[in-house]
Every structure is written in structure tokens, then in C-alpha cells.
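Below is one structure, written out as C-alpha cells, with a few remarks after it.
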Amino acid sequence: MNAPKLGWSDVTPKSVFLNRRAVIAGAGAMAIVGSVGQAQAQVAALASRFSTDEAPNTLEEITSYNNFYEFGTGKEDPARNAAALTVDPWSIVIDGLVDRPGTYDLADVMKDQPLEERIYRFRCVEAWSMVVPWIGFELAGLLNRVGVQPSAKYVAFETLVRPEEMPGQRAPILEWPYREGLRLDEAMNPLTILATGLYGEEMPKQNGAPIRLVVPWKYGFKSIKSIVKISLVADQPQTTWNMLQPSEYGFYSNVNPTVDHPRWSQASERRIGAGLFAGRQDTLMFNGYEEQVAALYTGMDLAANY
Amino acid sequence: MEAVNSFARRIPVNAVYVAGVMPFVWIVWLAFTNGLGVDPVKAIELRLGELGLQFLVAGLVISPLRWAGVNLIRFRRAIGLLAFFYVSMHLMTWVLLDMGLRWEEMAADLVKRWYIIIGMVGFAAMIPLAVTSNNRSIRHLGAAAWGRLHQLTYVAAVAGAVHYVVLVKAWPVEPMIYLGVVCLLLLARVWRNRQRSMAQSA
């Protein structure tokens, strides 16, 4: 499918997407044309062959159950506290081993990147999971645009530090800024996206507005939120949870039902929204994305490189 | 003090049982009316566990209060049995709703996971307490032996608090507060015993 140029003005208005789950469930049709108001209603984003056909969680579930310690450690804290976050203006520093380093305005970061809807399984390290209809573009698209130098082997990311708007940062619960990283080949994998929205709307603040990483075959904490810095580097970067507890949170943190977290099993997961008596479902290798990513780890001991 | 004691004397013990079960009724009500957020299973598990800890702490507060002249001792059995009730319901929630009767996984957890092991030690310590929480058992065991047996309360409270601290990620405040309060209440007893033995030897 060809990718038209899209901006937020092209995104489906709320009145349309609110009815959208029924449409998705019924027809599997992705190109939804709205005709609300004037000409602004259009296709939200292109469908993707990487989307799962599992039913997405509701917007309410996705936006009221979040781990975003910048806004507090409780699952409801981000929804309660994130409203004060200023997401416009927003810029990202792209530096390190790139041909065109600089401070890029968000609109510039997104320029010419085709927005797709990616309905991904999302598996938290705490053994719960959701299905989220992200909207975003491939990280590879941005990296190719800024020009990755041959010596670059890893990509490092940082979250905004702004304690006056992020109350969780007023306590040293984690070492701020939140940091994450990927190996370059992981970053270039087509599954890896920078997401700027979900359910056809701009990214809700508690989900990592205005732009966040989504790496669906890794535990959720790898998918860093509210990104302000992307650095191309030669050495494996420091990552926040690994810095806090290296025996429990490895650099790779691939979803793997056979490698337990030291304190709990990763063999199964509870699907949020499944109901009081739904129990658990088996966790899938690489969260079900084995076909797309297993080759990245050929010959690696996944128990040692957890 | 006297006012508090005379007021407490007028409260029937059964009222404590009734009031103590109300949070459970409330949780059940919320669970069936979508009042527990998007992850009701975790919310039920957490709330029941916290209530268990709260009643354990309440039970440990009775003695220090008595040293200060406030006598609530006749409510202690009710408080202890309520603690056992909530810890049991917390465990049932884990078995039925959280783990969904995945026996193999639970069995693996029981030997591998420290927070599960510690939690189960706490629960196991409470079983003999619940079984002997009646006048017949006190007569049968004799007051001294019964008192020694019921020091298992300390094991249950410490295990419960440590269980909470160990299962969370990072170091959030609330579990640390429970552990701190339990430690303070136990230290108060150590201090009191030392004072008394010094007074006796003097």
C-alpha cells in the first residue's frame, strides 16, 4: 500500500473512532472514511500486515492502567497526573553517530513518515498483557533519514525530565531520565515503531505523549515513553531498569515464557479486560513475533542474554 | 483513658466482626459492578492482602495500647480472626482468579518464588492461631502455652509485610510503611520486656 502524507489534521475524529472497534471486529476493515464536519476527516492510518487480529483493549483500559513512573508508581497515577504535561512544543535531540544530528521539532521528526495502524500485543514484565491499536511509523524510517554511520551499533533513548510537570520525578524512585536502548538491528526491524497515537487519536499523555517507542516482542518497559533524545552509539547503552536491578531486567528483555523473572514466572499472563474469571493465557515466545524477530538472536543464549 | 475504656466496654464484640467483614462485602460489590478499574483481579488481590496486613497490625497494637492504659483486649480475637479471613481470601484470589487454577505453575512458584514462599509461611503461621482462637483451646493448652503459640502472630505479621515489599518493583512507599510499622511494634515489645526484666532484677 502506498503511504499518503498524513498529519494530525487527517486523523479520524473522535466521534468516528469511538465506533471503530465494532467496525474492526466486524469486517477487519481498516480504512475508515469519516465524513464528519468539513473535509478534515480522512483515513486515520494505513493498515499493517503486522497487526494482530486479536480484539484490541478498550481505550479506557489502555489509558487508565499504565506504568509510567514519571507520574507515580500506581497504575492509575499516570491517568490522574499526566494532564499537566506540555507536549507542544516538543523536540527531539538526535545525536551521536549520525550524519545529520540536530534538534528536530516533532513535526520534522514525523515528516514524510507514513503513519500506520499497528495493532500489537503488549506484554508487561509484570505478567499482564493488552492489545493496543497504536498509530506510528517505523523507527527505521527516521534513522535512515538522519543517516546512521557505520560505526553505530546501538540506539539509546531518553525520556523527558520535567519534575514540575512529572510529579513522580520529584522522588528518586528511578534514576532520571528514564533510559532505554536497542541494538541497531532491533531498532531497524520493521516491527519497531515510534508511536504518536492510538485508537486514531493523538497519543494520550499517560501513554507517553507525544511520541514513544513500541517494541512489541520485548517487555513493555523497553518501549520508552515521551522521548526527547535519540542517540546512535557504538557501545551498549545504560538502561533504567537494568541499572536499578541488573539481575532482574536485562538489556534484551525479550518476551520469553521459558526464562523466568527471578521473582516470578513468565510462562503465562493475564489479559487485561478478560474478566474476573478468565484466568491466564500462555505467554508466546517473543510475544508471538517469533517469525519476524527470531533471526535477530540466532546463536544467542537467550537465558544468559535475558 | 477511662472514657475510652468505658466506651469500648459498651461495644459488643460481634459488632467488630460485622464491621470487619464490611470491607469484604464492599470489595465483592465493587467487583460485580465494575468498580475496581480495568484490572479487577489485581485490585481484589491487593485490597484483600492489605486488609489482612491491616488487621494483623491492628492485632499487634492491642498490647502496646494496654501498656498505655487503653484496654481493647476483648476485641483481639475478633481482629485476629478477621486478619486470617482476609489473608485466606487473598490466597483464594491468587489461586482462583490470578493463577486461574494453573496448579503446575503455582507448585513451581511455591518452591521458587521468595515472595510466594514468604507469603505462604505467613499464612501457615496463622492456621494454628485461627484454630486455637477459642476459650476451649486456651483451657486445653493452658494460658502460658497458648500465649507462646500465639507469638506466631509476629511471624505472620513480618512475613506479610516482607511478602509485600518483595513482590513490588522498585521501592514504593506503602509496602515500606507496613514493614516499618510492624518492625516498630515488635521492637516496642523487645523494649518493654527489657524494661521489665531490668525492673525485676533491680
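Top line first, the protein sequences correspond to chains A and B.
FYI, the numbering for the first sequence is 6 to 311, going by this note's numbering.
FYI, the numbering for the second sequence is 4 to 205, going by this note's numbering.
In this text, a Cβ means the ideal position worked out from N, Cα and C, and glycines have one as well.
Whole-number beta carbon distance between residue j and residue i, since they are thought to touch under 8 Å
i                : j                : result
Leu155 (chain B) : Ala128 (chain B) : 4 Å
Ile30 (chain B)  : Leu49 (chain B)  : Not confirmed; about 10 Å, so no contact.
Val41 (chain B)  : Ser69 (chain A)  : 6 Å
Gly77 (chain A)  : Pro172 (chain A) : 7 Å
Ile130 (chain B) : His166 (chain B) : Going by Cβ atoms, the distance from Ile130 (chain B) to His166 (chain B) rounds to 16 Å, so no, they are not a contact pair.
Leu196 (chain A) : Tyr294 (chain A) : 6 Å
Tyr181 (chain B) : Leu99 (chain B)  : In fact, because the Cβ distance is near 25 Å, the residues do not count as touching under 8 Å.
Ala60 (chain A)  : Arg275 (chain A) : Actually they are not in contact, since the Cβ atoms of Ala60 (chain A) and Arg275 (chain A) sit about 16 Å apart, beyond 8 Å.
Leu64 (chain A)  : Tyr204 (chain A) : 5 Å
Ile99 (chain A)  : Val151 (chain A) : 5 Å
Limits of the alpha helix (DSSP H) - the one that residue i falls within
i                : result
Lys234 (chain A) : Segment Ile232 to Val238 is the beta strand (DSSP E) holding Lys234 (chain A); no alpha helix (DSSP H) there.
Arg150 (chain A) : Leu144 to Val151
Phe27 (chain B)  : Val16 to Ala34
Glu349 (chain A) : The question about residue 349 (chain A) has no answer here: the residues shown for chain A are numbered 6 through 311.
Ser200 (chain B) : Val176 to Ser204
Ser9 (chain B)   : Glu5 to Arg12
Leu155 (chain B) : Leu155 to Leu170
Ser96 (chain A)  : Counting along the chain, Ser96 (chain A) falls outside any alpha helix (DSSP H), though it belongs to the beta strand (DSSP E) covering Ser96 to Gly101.
Ile178 (chain A) : Looking at the DSSP string, Ile178 (chain A) is not in any alpha helix (DSSP H), and its letter there is neither H nor E.
Gly150 (chain B) : Ala146 to Leu152
Three-state class that DSSP yields for residue i in the structure shown
i                : result
Pro138 (chain A) : strand
Gln241 (chain A) : coil
Leu187 (chain A) : strand
Thr197 (chain A) : coil
Phe55 (chain A)  : coil
Gln286 (chain A) : strand
Val73 (chain B)  : coil
Asp113 (chain A) : helix
Gly202 (chain A) : strand
Glu296 (chain A) : helix
Arg79 (chain B)  : helix
Lys80 (chain A)  : coil
Tyr118 (chain B) : helix
Asn259 (chain A) : strand
Gly42 (chain A)  : Residue placement at Gly42 (chain A) cannot be trusted, given a pLDDT of 34 that sits under 50; the coordinates are not used to answer.
Phe88 (chain B)  : helix
Ser273 (chain A) : strand
Glu170 (chain A) : coil
Burial state of residue i (16 or more Cβ within 10 Å)
i                : result
Asn259 (chain A) : buried
Cys186 (chain B) : exposed
Gly42 (chain A)  : Low per-residue confidence applies at Gly42 (chain A): pLDDT is 34, beneath 50, and the placement is therefore not dependable enough to give any value.
Phe22 (chain A)  : Summary for Phe22 (chain A): the model assigns pLDDT 47, below 50, so the residue's position carries little reliability; its value from the coordinates is reported in the next sentence. Under this definition Phe22 (chain A) is a buried residue.
Thr91 (chain A)  : exposed
Pro267 (chain A) : exposed
Ala44 (chain A)  : Low confidence applies here, because Ala44 (chain A) scores a pLDDT of 34, under 50, leaving its location unreliable; read the following figure in that light. When all chains shown are included, Ala44 (chain A) counts as exposed.
Met201 (chain B) : exposed
Asn7 (chain A)   : In this predicted model, Asn7 (chain A) has a pLDDT of only 49, less than 50, meaning its place in the structure is not dependable enough to derive any value.
Gly39 (chain A)  : Residue placement at Gly39 (chain A) is poorly supported in this model, since its pLDDT is 38, which falls under 50; the coordinates still yield a value, given next. By the neighbour-count rule (16 or more Cβ atoms within 10 Å), Gly39 (chain A) is buried.
His143 (chain B) : exposed
Gln250 (chain A) : exposed
Pro138 (chain A) : buried
Ala46 (chain A)  : Caution applies to Ala46 (chain A), whose pLDDT of 28 falls short of 50 and renders its modelled position unreliable; the value that the coordinates give is listed next. Ala46 (chain A) is buried by the Cβ-count criterion.
Gly186 (chain A) : buried
Lys80 (chain A)  : buried
Thr303 (chain A) : exposed
Ala272 (chain A) : buried
Met305 (chain A) : exposed
Top-ranked residue by Cα proximity to residue i, from the options
i                : options                                   : result
Arg188 (chain A) : A:Ala200, A:Glu207, A:Thr201 and A:Phe162 : A:Phe162
Asn8 (chain B)   : B:Gly40, B:Met92 and B:Leu68              : B:Leu68
Asn261 (chain A) : A:Tyr224, A:Ile277 and A:Ala87            : A:Tyr224
Arg126 (chain A) : A:Phe291, A:Gly284, A:Ser96 and A:Asp117  : A:Phe291
Gly213 (chain A) : A:Ala50, A:Tyr74 and A:Ala176             : A:Tyr74
Ala50 (chain A)  : A:Pro195, A:Pro119, A:Pro251 and A:Leu301 : A:Pro119
Val136 (chain A) : A:Pro155, A:Asp93, A:Phe55 and A:Ala88    : A:Phe55
Arg79 (chain B)  : B:Val19, B:Pro43, B:Asn37 and B:Val90     : B:Val19
Thr244 (chain A) : A:Gly255, A:Leu237 and A:Ile235           : A:Gly255
Asn71 (chain A)  : A:Gly107, A:Tyr204, A:Val153 and A:Gln211 : A:Gln211
Phe87 (chain B)  : B:Gly183, B:Ala111, B:Ala71 and B:Gly62   : B:Gly62
Met193 (chain A) : A:Ala157, A:Glu122 and A:Pro172           : A:Ala157
His93 (chain B)  : B:Asp112, B:Lys45 and B:Asn74             : B:Lys45
Leu144 (chain A) : A:Asp117, A:Arg85 and A:Leu165            : A:Asp117
Val166 (chain A) : A:Trp181, A:Tyr311, A:Ala279 and A:Gly152 : A:Trp181
Phe35 (chain B)  : A:Arg150, A:Leu281 and A:Gly107           : A:Leu281
Ile229 (chain A) : A:Ile235, A:Trp222, A:Leu237 and A:Arg217 : A:Arg217
Segment limits, beta strand (DSSP E) that includes residue i
i                : result
Arg69 (chain B)  : Unbroken run through Arg69 (chain B) is the alpha helix (DSSP H), Pro43 to Trp70; no beta strand (DSSP E).
Val98 (chain B)  : That residue, Val98 (chain B), is in no beta strand (DSSP E); it is neither H nor E in DSSP.
Leu218 (chain A) : Arg217 to Val219
Arg128 (chain A) : Glu121 to Arg128
Ala161 (chain A) : Tyr159 to Thr164
Contact with chain C by residue i, beta-carbon distance below 8 Å
i                : result
Phe162 (chain A) : Given the protein chain composition of this structure (A and B), no chain C is represented.
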